[in-house]
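Heads up, the thing below is written out as structure tokens.
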Amino acid sequence: MSTNRRVIDTTPERVWDVLTDGWLYPLWVVGASRMREVDPGWPASGSRLHHSVGTWPLLLDDTTESVECRPGSLLRLHARAWPTGEAEVEITLEPEGAGTLVTIREDARTGPGKLVPAPLRQPPLTWRNTETLRRLAYVAERRAG
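Heads up, the sequence shown is in full-length UniProt numbering, so the first residue is 1 and it goes up one at a time.
Structure (structure tokens):
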């Protein structure tokens with residue numbers, strides 16, 4: 001499982017606000033290119049984000065499902081990105097001084113991506129989530145309080 005951490009210079013509440021605004025998903029998630037729909041009640045367990053991955057004109061419509069939500073501290077997701085498969089993603093928030101320690105853990109859950117040996121699939125996940133956390137910080141640190 002790939003694990004990335006970053007301290008974001010804003011409160012856990014402001015970071016949580018970004019995570020729970022499904023329409024912002026493509027702003028901070030590497031690979032998501034547009035939103036099509038956000039289920040009512042997002043991020044309650046079982047609700048979904050309907051997004052597309054890729055770049056135009058090669059876009060694939062997919063979904064990300066919330067499988068566990070503890071407001072302000074934990075969001076567990078099943079993120080689909082076919083044809084590569086589905087990933088298990090866990091995002092945790094912890095207060096850290098005046099900021100927030102955000103941790104993302106991710107690994108392949110199903111599909112062809114799961115067939116790639118862990119030592120080969122972890123480096124790209126680590127790179128991707130380094131950029132994902134950078135983008136999340138940009139959005140959360142600049143949102144109006």
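Just so it is clear, CB atoms sit at the ideal spot from N, CA and C, and this is done for glycine as well. Here the structure is a predicted model, which means the values were calculated and not measured.
{"Check": "On a CA-only basis, which of G85, A81, I104 is nearest T92? Give me that one, please.", "Outcome": "I104"}
{"Check": "Could you tell me the boundaries of the beta strand (DSSP E) in which P95 lies?", "Outcome": "86-96"}
{"Check": "As a quick exercise: from E131, Q122, P43, pick the residue whose alpha carbon is nearest that of H78.", "Outcome": "P43"}
{"Check": "Name the residue from V53, E94, T64 whose alpha carbon lies nearest to the alpha carbon of D9.", "Outcome": "E94"}
{"Check": "Quick check on the burial criterion: 16 or more other C-beta atoms within 10 angstroms. Buried or exposed for G41?", "Outcome": "exposed"}
{"Check": "Pick helix, strand or coil for V38, following the three-state DSSP scheme.", "Outcome": "strand"}
{"Check": "Closest by CA to G54, which one among L115, D17, A98, V30?", "Outcome": "V30"}
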